[in-house]
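Residue numbers (this note's numbering): 1 to 487.
Just so you know, even glycine gets a beta-carbon here, dropped at the ideal spot from N, CA and C.
This report refers to the structure that appears directly beneath it.
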């Protein structure tokens, strides 16, 4: 059922009920007003005839019939349009319209009461007559018209009004509702053909001036935008999953084949000399560690590509740096790792991502930043520079040649002697880009070794529109010293 029809029916049923309720209240008010007018009239008549009633009772008590007849006629004349009944000790005098004498009257009615007689009703008022040698009661009566002609007229008009109001109010409400719901129907027609699964067409809505319709259109646009956003994120997640599978199968092929060869050697030569056997086992352990490291790195790249903005919050960078330094000292007890951090520096970031950035910078420095004697001396710094937090990691190794400084952040870039996964610095570049920062590599501060510098805006920013670090193809040849946003 259409909304306009519902409104028309609701109004068509409600208005007659309101008219009937108002009519009932009006009847009560009219009846009360009529009773009050009748009662005022009874009181005024009772006050007017009371002296004549007293004179009549005095004449009757004195045994003067002619005087009593005269007083009685005078009493009825003064009563005008009301009935009068004078009840004395020895006689009762009555005249004018009143209930039959067989109708029981209350013992007293100092306030007007209703007395019923054979389907008729009367308003009655009594007044005691007291005086020297006089005792009796004066009753005055008036037909009760409050529940007759006037009320029947009001009742008929109320019922007629209710009968007319039902169709008229229903039709009027239906017409008004049809006009009022026009913008809603037009919005429904515009949205009926929208299918976000098969079309990129989206809702175009001009303000109608109807607040509810405009709010509904805004809600629909928001829902469609969120659908598009989630569809894009789902597509990215599928691309990430496919890329993870492809990268894993490609990068794992060589170490798995090497491990298979070594296992075949051990199986085919059970009496292999101890030096050769030790070499094969060492090679197996190295390849096994490389496999584990590669899988961990790929998983971490995938997490970075799929992280949502809700995971970002205020992160204490010096605290994260201290935790990373403590972990690096535990992994490499022979290295000398120092830290210099300005306290209280926070960025709006993803804490696990910042730890990945710091851990991988330290791991890179410990692996490639050793001097000619194999000693590792690494310095970590955290400082403020305007609206940015700057993280530096210095080592005293051979450094990075200028021509290789952009390439080392690409996926699976390894040095000739590296046993790593080739993804550690890619993770660093990914996390810098996710935090709207950048990472660069230069010579060390004293001209020796390498300095990796990460600059992160303290206020953060929106996540990059495109995150393809795990997919890799779109950004494989892109310098990571700038935002990796797919532009």
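- The way I'd put it, the stretch 375-387 doesn't touch the stretch 422-434; fewer than three beta-carbon pairs between them come closer than 8 Å.
- Under the three-state reduction of DSSP output, residue 125 falls in the strand class.
- DSSP places residue 319 in no beta strand (DSSP E) but in the uninterrupted alpha helix (DSSP H) bounded by 317-331.
- Here the stretch 127-137 lies against the stretch 52-62, with 3 or more beta-carbon pairs under 8 Å apart.
- Contact between the stretch 59-78 and the stretch 107-121 is absent: fewer than three C-beta pairs spanning the two stretches fall below 8 Å.
- Sequence-distant Cβ neighbours of residue 325 in its own chain, meaning closer than 6 Å and more than five residues away, are 337, 339 and 380.
- In the structure shown, residue 371 adopts coil according to DSSP, grouped into three states.
- A distance of 8 Å or more separates the beta carbons of residue 444 and residue 374.
- Residue 108: not part of any beta strand (DSSP E); DSSP gives it neither H nor E.
- Contact check between the stretch 391-410 and the stretch 360-375: three or more CB pairs, one atom from each, fall below 8 Å, which counts as touching.
- Boundaries for residue 445: no alpha helix (DSSP H) harbours it, and the DSSP string shows neither H nor E there.
- Only buried fits residue 426, as 16 or more other CB atoms lie within 10 angstroms of its CB.
- If you draw a straight line from the Cα of residue 353 to the Cα of residue 6, it comes to about 57 Å.
- The way I'd put it, the stretch 311-325 doesn't touch the stretch 279-299; fewer than three beta-carbon pairs between them come closer than 8 Å.
- The closest CA to that of residue 138, considering only 99, 49 and 161, is found on 49.
- Taking 8 Å as the cut-off, the beta carbon of residue 97 is found closer than this to the beta carbon of residue 143.
- By the Cβ criterion, the stretch 112-126 is not in contact with the stretch 160-168, since fewer than three pairs of Cβ atoms, one from each stretch, lie closer than 8 Å.
- If only complete runs of 4 or more residues are kept, the stretch 356-411 shows no alpha helix (DSSP H) anywhere.
- Between residue 12 and residue 170 the beta-carbon gap is near 3 Å, inside 8 Å, which marks them as a contact.
- Using a 10 angstroms sphere on the CB of residue 101, the tally of other CB atoms stays under 16, which defines it as exposed.
- Judged by their CB atoms, residue 321 and residue 356 are not nearer to each other than the 8 Å cut-off.
- Annotation: residue 29 to residue 152 spans about 14 Å, alpha carbon to alpha carbon.
- Counting along the chain, the unbroken beta strand (DSSP E) around residue 142 starts and ends at 134-143.
- By the beta-carbon neighbour count (other beta carbons within 10 angstroms, threshold 16), residue 127 is buried.
- Contact between residue 129 and residue 53 is confirmed by a C-beta separation of about 6 Å, below the 8 Å threshold.
- For residue 86, the enclosing beta strand (DSSP E) has its first and last residue at 83-87.
- In the structure shown, residue 115 falls within a strand segment according to DSSP collapsed to helix, strand and coil.
- With respect to the 8 Å criterion, residue 297 and residue 423 are classified as neighbours on the basis of their beta carbons.
- Between residue 26 and residue 145, the C-beta gap is not smaller than 8 Å, which leaves the two residues out of contact.
- Burial state of residue 207 is exposed, judged by a 10 Å Cβ sphere holding fewer than 16 other Cβ atoms.
- With distances taken between CA atoms, residue 382 lies nearest to 343 out of 343, 105, 82 and 45.
- Take residue 91, set aside five residues on each side of it, and the residues of its chain with a beta-carbon closer than 8 Å to its own are 60, in chain order.
- The residue among 69, 305 and 378 with its C-alpha nearest the C-alpha of residue 334 is 378.
- Between residue 459 and residue 348, the beta carbon gap of about 6 Å places them in contact (Cβ cut-off 8 Å).
- DSSP, reduced to helix, strand and coil, places residue 347 within a strand of the structure shown.
- Distance between residue 262 and residue 287, taken at the CA atoms: about 10 Å.
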